[in-house]
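Residues in the sequence shown are numbered consecutively from 681, following this note's numbering. We put the CB at the ideal spot given by N, CA and C, even for glycine. As the structure is a prediction and not an experimental result, all values here were calculated from the model.
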Amino acid sequence: TQAKEKVVEVPHTLIREVVEEVPQVQVVEYITQTHQTSIQQAKKEVPKVNIQYVEKVVRSGPAPTMQEPRHPGPPPPMEPAQGNLGTWQQQQQQQQQQQQQQQQ
Numbered sequence: 681t682q683a684k685e686k687v688v689e690v691p692h693t694l695i696r697e698v699v700e701e702v703p704q705v706q707v708v709e710y711i712t713q714t715h716q717t718s719i720q721q722a723k724k725e726v727p728k729v730n731i732q733y734v735e736k737v738v739r740s741g742p743a744p745t746m747q748e749p750r751h752p753g754p755p756p757p758m759e760p761a762q763g764n765l766g767t768w769q770q771q772q773q774q775q776q777q778q779q780q781q782q783q784q
């Protein structure tokens, strides 16, 4: 058997598509906001300042000398510096010796 090709025409209906314009409606709300200024007046009281100048005469005595201490009492202890522990100890010993000599 051999295959034979045969063309058979079949009746067919054609569909034709056409573009039509359809009216469309779009609803839009337009809102405008405006700023309305309002002014409130408030009373603010500011005190009035009266400056009264008074002349004051201050008399000073002689200036203290280096031998007179301004504050009586022993000087505050010195704190050691981080790198000079030996010199701090020497200063403490000298101060203790001076205090012992003053007491005798």
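Out of curiosity, what's the CA-to-CA distance linking Gln781 and Gln773?
By one-based count along the sequence shown, residue 781 stands at place 101. By one-based count along the sequence shown, residue 773 stands at place 93. Each residue's alpha carbon lies about 12 angstroms from the other.
Helix, strand or coil for Thr767 per DSSP?
Working through the sequence shown from its first residue, we reach residue 767 at position 87. Three-state result, Thr767: helix.
Distance check for Val737 and Val726, CA to CA, integer angstroms please.
For this step, residue 726 is matched to residue 46 along the sequence shown. For this step, residue 737 is matched to residue 57 along the sequence shown. Each residue's Cα considered, the two are about 34 angstroms apart.
If you reduce the DSSP assignment to three classes, tell me which class Gln721 lands in.
Against the sequence shown, residue 721 aligns to sequence position 41. Three-state DSSP puts Gln721 in coil, outside helix and strand.
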